[in-house]
């Protein structure tokens with residue numbers, strides 16, 4: 001038996017071991033690795049590297065080694081011509097997935113290889129479409145809008161020429177996603193109309209119903225994500241209800257590409273509801289969906305760790321859970337539950353540590369620093385808060401498609417921190433980064449919050465007219481999209497300039513009790529008490545006493561002497577002093593070991 005036959009036999013053994021119940025993956029990888037070491041011809045060596053690369057890709061977290069073997073296979077198969085076209089496309093597809101998941105290698109060689117296969121390899125249209133979507137995604141990561149749009153247009157043209165309306169829809173919707181993520185603007189009306197026409201045409205054929213529902217999910221979710229980025233809470237409600245109803249069964253068989261599955265779609269719908277609840281300051285609804293997301297996400301992660309999945313599927317679930325933990329942490333800060341906030345932060349760090357590759361940590365480290373900074377503000381540890389916000393700025397990847405909005409958001413919080421301490425020189429320096437031209441590309445919600453900051457600054461510097469103008473703009477913005485907290489804060493700030501009546505304050509007064517936001521509760525109740533007393537309410541009457549009782553609860557809850565003991569004995573309290581480096585070094589050995 002020559003070396004080529006031995007290698008093929010070893011690959012056969014590797015596959016048999018992989019498919020055993022339970023699978024013997026370590027033995028399978030050893031067999032494939034032994035096959036690679038043999039002195040074989042180029043074709044056999046390429047197949048051995050491909051099989052070993054696939055095993056490492058699906059069953060290990062050794063991405064560098066997986067990429068090396070897949071690259072060796074791809075390079076050798078490129079020299080073999082059309083004979084190895086399908087395997088070659090599979091190899092470059094996995095390399096692309098590794099880049100999207102890991103982002104630790106130069107993008108240009110991968111983009112060039114993908115483009116070459118897309119333009120020159122024929123006969124495997126489903127694979128070609130997959131490579132197109134991967135190239136579009138890599139172009140998005142690379143902030144290459146021209147390259148992303150070019151591939152969208154190519155996919156649209158190819159699908160239209162093949163009379164494949166479903167794939168044409170996918171590429172057209174992907175084009176709108178690129179517009180949202182890279183251009184931060186609405187797509188042209190003609191593009192949206194064309195999508196609507198294609199959907200209507202497909203609705204005429206019952207055989208396309210299942211696939212069409214999935215495509216609609218994709219379209220609605222891209223729109224919803226952008227609307228929440230902009231803070232369009234009220235105008236998103238119809239789409240939010242639609243996505244809750246429009247979940248197709250996970251048992252439906254769909255040929256070709258399918259966007260998300262039943263479990264992922266359920267999670268996505270939940271996290272959209274959580275985002276809506278946070279924007280509208282509805283903690284009860286947020287907590288309800290938070291528990292659902294954690295349960296479904298943990299179930300999905302448990303399942304996916306035991307069955308081979310493309311990294312994108314696991315990454316999607318991880319990011320949904322991380323985003324949910326982040327929003328719950330923000331809610332806990334405002335509700336003065338610091339022990340729960342730190343538990344949320346610990347869970348986020350644990351997920352980053354357990355996930356394969358550094359991408360999750362790289363993306364969420366600025367978010368974690370922001371949460372810690374916010375918590376330090378409630379503890380009146382302003383020096384720590386400033387350091388956390390500065391650290392968050394340092395952690396932000398400037399090449400991230402959302403970096404402009406993130407940087408402005410952290411600067412906004414840093415400016416508030418300086419202004420609350422009347423550190424005017426520091427405030428002016430940060431406020432210079434928040435001028436209208438510099439945040440022109442940011443979300444409308446962020447712009448409205450910057451207006452509130454400037455209004456407060458105008459109040460402190462006795463610029464009453466400028467303050468009133470800005471407050472009116474904030475009130476209009478917040479009414480349009482149901483930003484209840486922003487509206488309440490603007491109204492309360494108004495009360496510092498001129499008198500407001502009980503009818504104006506009552507909605508904020510009522511809402512604040514449901515929001516669990518003790519800052520707004522204390523301020524609004526104090527103002528409402530003053531107004532009703534001035535209107536002749538009995539100081540010893542039931543209404544005044546109830547308002548005063550709620551005030552007192554919030555005052556005690558916000559008291560630093562009440563908040564600090566809640567976390568003083570927690571090991572995670574040391575994270576409040578983590579500004580860079582390894583956060584796990586601040587935790588006791590027993591706690592840190594849980595995160596390994």
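In our numbering, the protein residues as written are 1 to 596.
Beta carbons: idealized from backbone N, C-alpha and C, even for Gly.
Self-check item: In chain order, each alpha helix (DSSP H) run of at least 4 residues that lies wholly inside the segment 450-486
Solution: 464-481
Practice problem: Determine the direct distance from the alpha carbon of residue 168 to that of residue 157, and round the result to whole angstroms. | Solution: 8 angstroms
Quiz item: What residue does the alpha helix (DSSP H) around residue 198 start on, and which one ends it?
Solution: 189-203 is the span of the alpha helix (DSSP H), which, as asked, contains residue 198.
Quiz prompt | Start and end residues, alpha helix (DSSP H) containing residue 29 | solution = In this chain, the alpha helix (DSSP H) harbouring residue 29 covers 25-37.
Practice problem: Can you tell me which of the three DSSP states residue 92 falls into? | Solution: helix
Practice problem: Note down, in chain order, each residue of its chain lying with its Cβ closer than 8 angstroms to the Cβ of residue 394, except the 5 sequence neighbours on either side. | Solution: 580
Exercise. Could you check if residue 422 is buried or exposed, using at least 16 other CB atoms within 10 Å of its CB as the buried criterion?
Key: With fewer than 16 other Cβ atoms from the protein chains shown falling within 10 Å of its own Cβ, residue 422 counts as exposed.
Quiz item: Skipping 5 residues on each side, what residues in its chain have a beta carbon closer than 7 angstroms to that of residue 191?
Solution: 172, 175 and 176
Exercise. Take residue 351 and list the residues in its own chain whose beta-carbon comes closer than 7 angstroms to its own, dropping the five residues that flank it on each side.
Key: 318, 321, 322 and 360
Quiz item: Hey, residue 575 and residue 346: beta-carbon distance below 9 angstroms or not?
Solution: yes
Practice problem: Rounded to whole angstroms, what's the CA-CA distance from residue 429 to residue 332? Just pull it up for me. | Solution: 30 angstroms
Quiz prompt | contact_flag[the segment 93-106, the segment 124-140] where n(CB pairs < 8 angstroms) is 3 or more | solution = yes
Quiz item: With respect to the alpha helix (DSSP H) encompassing residue 498, which residues constitute its N-terminal and C-terminal limits?
Solution: Unbroken run through residue 498: none, as it is neither H nor E.
Quiz prompt | Ranges of the alpha helix (DSSP H) found wholly within the segment 318-399, counting only runs of at least 4 | solution = 338-354, 359-378 and 382-395
Quiz item: Nearest to residue 324 by alpha carbon, out of 270, 568 and 165?
Solution: Looking at the Cα atoms, 270 is the closest of the given residues.
Exercise. For residue 205, count neighbouring Cβ atoms within 10 angstroms of its own Cβ and tell me buried if that reaches 16, exposed if not.
Key: exposed
Quiz item: Could you check where the alpha helix (DSSP H) with residue 152 kicks off and where it finishes?
Solution: 145-161
Exercise. Less than 8 angstroms between the CB atoms is what I'm expecting for residue 56 and residue 66, so what's the real figure, rounded?
Key: 4 angstroms
Quiz item: Does residue 55 get closer than 9 angstroms to chain C when you measure Cβ to Cβ?
Solution: The structure shown contains no chain C; it holds only a single protein chain.
Quiz item: Does DSSP classify residue 515 as helix, strand or coil?
Solution: The answer is helix: DSSP assigns residue 515 an H, G or I state.
Quiz item: Under 9 angstroms between the Cβ atoms of residue 543 and residue 525?
Solution: no
Self-check item: Contact set for residue 49: own chain, Cβ-Cβ below 8 angstroms, skip 5 residues either direction
Solution: Excluding residues up to 5 positions away in sequence, 36, 69, 70, 72, 73 and 76 lie with their Cβ nearer than 8 angstroms to the Cβ of residue 49 in the same chain.
Self-check item: Counted within 10 angstroms of its Cβ, other Cβ atoms place residue 358 as buried (16 or more) or exposed
Solution: In this structure residue 358 is exposed. Its beta-carbon is surrounded by fewer than 16 other beta-carbon atoms within 10 angstroms.
Quiz prompt | Euclidean distance between Cα positions of residue 109 and residue 454 | solution = 47 angstroms
Quiz item: Are the segment 157-166 and the segment 180-196 in contact at 8 angstroms, needing three or more beta carbon pairs?
Solution: no
Exercise. Along the alpha helix (DSSP H) that carries residue 14, what are the first and last residues, could you check?
Key: 3-18
Quiz item: Can you tell me the Cα-Cα spacing of residue 368 and residue 200, whole angstroms?
Solution: 44 angstroms
Quiz prompt | Burial state of residue 538 (16 or more Cβ within 10 Å) | solution = exposed
Quiz item: Who are the near neighbours of residue 62 in its chain, counting only those whose CB is closer than 6 angstroms to its CB and skipping five residues on each side?
Solution: Excluding sequence neighbours, residue 62 sits near 56.
Quiz item: Roughly how many whole angstroms lie between the Cα atoms of residue 113 and residue 89?
Solution: Those two C-alpha atoms are separated by around 10 angstroms.
Quiz item: Around the C-beta of residue 283, are 16 or more other C-beta atoms found within 10 angstroms, so that it is buried, or is it exposed?
Solution: So residue 283 ends up on the buried side.
Exercise. For the alpha helix (DSSP H) containing residue 84, list its first residue and its last residue.
Key: Counted as a single uninterrupted DSSP element, the stretch harbouring residue 84 is not any alpha helix (DSSP H), since DSSP gives it neither H nor E.
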